[in-house]
DNA sequence: GACCAGGATTGCT
DNA sequence: AGCAATCATGGT
């Protein structure tokens, strides 16, 4: 065990990070003590704890001594890239208000690439509340806990499940087929997410959408939250459509063409535009729903 | 009880 | 190529 202390030279609001991560009941965190528990791909657990402020961000990473994993955690928490250029970019755009409002909100990646894909598929078209119910059932039933932290099951295990196993958790038949099918492709080695990660955005999307159950939204979500790519805007996302509807004060959700006409203005940081737009509506629905502590066993107190 | 949810696929024009 | 139906169920 060792503790590594990191100081950032750009604004970083960990309170907002915790607020956002609190939406997922599978993540072990403590809002008051300002920490998140992070499982690595090989089941080691790290604690990431904020001990500074938004304008003087300082963090402790506590866990097994391992340089590669520390680097991975820095990537997950966006410690390795400044948010300064992002804020500078959006200050002169039509999204400046939400970037001021949520200043210092980083893209936090999912803790594993496979989990990103499973979570995205399971979340397709469902309201966030029920979506989280399903992912929680999925992980509680087939995953496992390490040091109190829930970890998604291995692709090989999920690949061997029957559709009925997931139907019992109230997955639709199709969703069950998607989850099992993609897991099998990964388990067999046909689909290798780590090597996929070396390709550019377009190539990754092109590969992923060949799999039944992965469309443009899920592929975009994988790039954004799995790999932390900076320039993705999932046009199919209802949340983003609603966020723009609210921001622009219009009666109907804007159409894809209308939204994408702003891409030149928002590029090359479309992912941040997405993230900050999501944030702009999350407060409405989640401010009063989740409280400060997700206990390791997942009970919401 | 209708309608929508942080979509994707399938089948029909 | 583009559109409608379909999926399962919770939230509003």
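Residue numbers (the numbering used here): 10 to 310.
Positions of the beta carbon are idealized from the N, C-alpha and C atoms, including for glycine.
DSSP three-state assignment for residue 38, whether helix, strand or coil:
strand
What did DSSP end up calling residue 57 once you bin it into helix, strand or coil?
strand
Pair within 7 Å by beta-carbon distance, residue 161 and residue 172:
no
Status (buried if at least 16 other CB within 10 Å, exposed otherwise) for residue 134
exposed
Identify, in the order they occur along the chain, each residue of the same chain with its Cβ nearer than 7 Å to the Cβ of residue 152, setting aside the five sequence neighbours on each side.
159, 160, 161 and 162
Where the beta strand (DSSP E) containing residue 12 begins and where it ends:
11 to 16
Between the CA atoms of residue 35 and residue 150 - distance to the nearest angstrom:
12 Å
Does residue 251 come out as helix, strand or coil in the three-state DSSP assignment?
helix
Alpha carbons only, please: which of 53, 38, 73 and 78 is nearest the one belonging to residue 59?
38
Straight-line Cα distance separating residue 146 from residue 22:
31 Å
Hey, could you find the ends of the beta strand (DSSP E) residue 72 is sitting in?
67 to 72
What does the Cβ neighbour count give for residue 128, buried or exposed, with the cut at 16 atoms within 10 Å?
buried
By Cβ distance below 6 Å, which residues in the same chain neighbour residue 241 in space, the five residues on each side in sequence not counted?
229, 232, 233, 279 and 280
Hey, how far is the Cα of residue 4 from the Cα of residue 273?
This structure leaves residue 4 out entirely; the chain is present only between 10 and 310.
Under a Cβ-count criterion, where at least 16 other Cβ atoms within 10 Å of its own Cβ denotes burial, should residue 10 be classed as buried or exposed?
exposed
Can you check whether the CB of residue 168 is closer than 7 Å to the CB of residue 204?
no
Which residues bound the alpha helix (DSSP H) around residue 259?
That residue, residue 259, is in no alpha helix (DSSP H); it is neither H nor E in DSSP.
Could you give the C-beta distance for residue 131 and residue 188, rounded to a whole number, given that I count them as a contact under 8 Å?
7 Å
Since residue 82 contacts residue 289 with CB under 8 Å, what's their CB separation in whole angstroms?
About 28 Å; that fails the 8 Å criterion.
Which whole-angstrom value is the C-beta distance of residue 14 and residue 79, which I expect to be below 8 Å?
So it is not a contact: roughly 11 Å between Cβ atoms.
Reference residue 70; option with closest CA among 76, 63, 55 and 84:
55
Candidates 165, 178, 12 and 212, of which the one nearest residue 190 by Cα:
165
In whole angstroms, give me the CA-to-CA distance for residue 157 and residue 76.
24 Å
Assuming contact is defined by CB atoms lying nearer than 7 Å, are residue 114 and residue 238 in contact in what I supplied?
no
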